[in-house]
Every structure is written in structure tokens, then in C-alpha cells.
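Engineer: Sharing a structure below in C-alpha cells format, with a few things to ask.
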Amino acid sequence: MNKYDKDMMHERELIYDAKGQIHKADKAYKKGDKGKKQEMIHDREMIYDAKTDIHKIDVLKHSRKNRRF
1388 MNKYDKDMMH ERELIYDAKG QIHKADKAYK KGDKGKKQEM IHDREMIYDA KTDIHKIDVL
1448 KHSRKNRRF
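Heads up, the sequence shown is in our numbering, so the first residue is 1388 and it goes up one at a time.
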């Protein structure tokens, strides 16, 4: 497994964890804990950043500069 694949796996794990945190915070928010809204916003930003990083890693992985011909 190369560096790019490990980085992408790490980013996917971050997305998975953030989605779980959003689910828990959403349940607490619906029960009346209004402080959880900021936590949900933060987790959504983490997901967006991780998806952006995955895209950048994928572009680097498939760019013509990195091919060995």
C-alpha cells in the first residue's frame, strides 16, 4: 500500500467518524441541547475538508507527472 492510499484511508476514516458525531449531536440537539448545533457545524466542516483532501490526493495520484513511464 502506498502513501496515497494510506492518506485516502485516513481521510475516509475521518469522514466516517465525523458522520457518527453528527448523528449523535443531532439526536442531542433534537432532545433540546442547543449547544450541539455548533458541534454539528464543525463536524460538517471536517467532512467537507476531508472530502477536499481526498480529491486532492486522487488528483495527485492520477496526474501525469507522477506516472513512471
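Glycine residues also receive a C-beta, built at the ideal position from the N, C-alpha and C atoms. Fair warning: this is a prediction, and the values are worked out from it, not measured in the lab.
1) State the Cα-Cα distance for the pair residue 1420 and residue 1426, rounded to the nearest angstrom.
2) Pick out the complete beta strand (DSSP E) segments inside the region 1421-1454, 3 residues or longer, and give them in chain order.
3) For residue 1419, which of helix, strand or coil comes out of DSSP?
4) Taking only the alpha-carbon atoms, compute the straight-line gap between residue 1437 and residue 1405 and give it to the nearest angstrom.
Structural biologist: Looking at the coordinates:
1) As a position in the sequence shown, residue 1420 is number 33, starting the count at 1. As a position in the sequence shown, residue 1426 is number 39, starting the count at 1. Taking the straight line from one Cα to the other gives about 11 angstroms.
2) Taking 3 residues as the minimum length, the region 1421-1454 contains no beta strand (DSSP E) run wholly inside it.
3) Against the sequence shown, residue 1419 aligns to sequence position 32. When DSSP states are grouped into helix, strand and coil, residue 1419 belongs to the coil group.
4) The count along the sequence shown starts at 1 and reaches residue 1437 at position 50. The count along the sequence shown starts at 1 and reaches residue 1405 at position 18. Taking the straight line joining both Cα atoms gives about 10 angstroms.
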